[in-house]
Amino acid sequence: MWPFLFPGCPEETNANRAEGEDLPPVSNITSQLEECDFGIVGSGEETEYTLERFDATSHAVTHKTSLGGNGPLFSLPLRPEFPPAIALRHDVDACLWLQQPGDEWSLRHEGTLHAFGYVQASKQQRKFLSCSPDLSYALICEAERHIFIYKASYGAEGLRHRNGSQVSIGQQKLVSLEGSGEIIGLCAENDCAILLTESHVLVLQ
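Residue numbering for the sequence shown is 1 to 205, as defined by full-length UniProt numbering.
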C-alpha cells in the first residue's frame, strides 16, 4: 500500500487529527439500493449485458460496449427511416438513445424519462414498457388487467423549493381492465395509447 499519493504528502490522511477523536461514520451506499435494482430477483447470479453492432455482410461484431447489470428497458421507433431508439436505465432515469447514420457507429441522446428507471423496477409483473414519441408519458403494462401511465413532468403550480426554484413532480395513473383477457400488444402515440388484448383493441386517451 502506498503511504502517500504525491511526494511530500503526509503519510496518513488523519495526521492532523487529534488521537482518539471520533471519525464520522462511513455512509453505506448499498443501503440506498433495493432488491429490484439488481435485475431479475431471485436469479442467484449476476447478468452482464452488452450492446453490439454486427456487420450485415460479414456477420462480424464491429462495435461492442458493456451495459453492466442493467439490460435495455425497451425500444421504440422515434423517427422515420431510423432504427428504433433504445431505452437504457441510468441511475433512476431511463435515457433514450438513437443510432445515427454512417459507418462510424454513434448513439445520440434523444431524451430522458425522469425517474422511470426506478418506477419500472418496482413493477415486478410488467410485460410491456413503452413511451410516446414526444416522451410526454410512459406506459407499463402487466400481462393482464393493469396499465400504469407515468408522466414525469406533471404541473406543480404553487410548489417551490425554499430557495425559490420551481418543483417538478411526476404523476402515475392506473388503468384497470376487466374482462379483456391477456394484453398481447402495445403502441404508444403522442395523443393516445393502443392496446391489443385477446378480445379487444382498446384506445386510451
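From the three backbone atoms N, C-alpha and C, an ideal C-beta is built for every residue, glycine too.
Give the single residue among the options whose Cα lies nearest to the Cα of residue i.
i: residue 127; options: 185, 56 and 58; result: 185
i: residue 116; options: 104, 90 and 124; result: 90
i: residue 139; options: 180, 96, 112 and 172; result: 172
i: residue 125; options: 141, 114 and 108; result: 141
i: residue 199; options: 189, 178, 191 and 193; result: 178
i: residue 122; options: 101, 58, 187 and 148; result: 148
i: residue 174; options: 144, 181 and 196; result: 144
i: residue 109; options: 93, 103 and 69; result: 93
i: residue 182; options: 119, 201, 192 and 70; result: 201
i: residue 192; options: 130, 58 and 70; result: 130
i: residue 119; options: 170, 62, 58 and 46; result: 170
i: residue 46; options: 103, 190 and 71; result: 71
i: residue 85; options: 102, 111, 190 and 58; result: 111
i: residue 54; options: 146, 105 and 203; result: 105
i: residue 95; options: 107, 205 and 101; result: 107
i: residue 50; options: 83, 62, 195 and 150; result: 62
i: residue 189; options: 203, 83 and 197; result: 203
i: residue 187; options: 103, 75, 102 and 69; result: 75
Give the DSSP-derived three-state secondary structure of residue i in the structure shown.
i: residue 82; result: coil
i: residue 205; result: coil
i: residue 138; result: strand
i: residue 121; result: helix
Our contact map puts residue i next to residue j with C-beta atoms below 8 Å; I'd like the distance itself, whole angstroms only.
i: residue 152; j: residue 98; result: About 19 Å; that fails the 8 Å criterion.
i: residue 64; j: residue 52; result: 5 Å
i: residue 87; j: residue 67; result: Contact doesn't hold; Cβ gap of about 12 Å is too wide.
- Query: Can at least three beta-carbon pairs, one atom from the region 134-154 and one from the region 79-86, be found at a separation below 8 Å?
  - Reply: Contact fails between the region 134-154 and the region 79-86, because fewer than three Cβ pairs, one in each stretch, are under 8 Å apart.
- Message: Quick check on the DSSP output: what are the complete beta strand (DSSP E) runs of length 3 or more inside the region 177-202, in order along the chain?
- Response: Here the runs fully enclosed are 183-188 and 193-197.
- Message: Which complete beta strand (DSSP E) runs does the region 49-111 hold, if anything under 3 residues is left out?
- Response: As far as the region 49-111 is concerned, its whole beta strand (DSSP E) runs of at least 3 residues are 49-54, 61-68, 74-76, 85-90 and 93-99.
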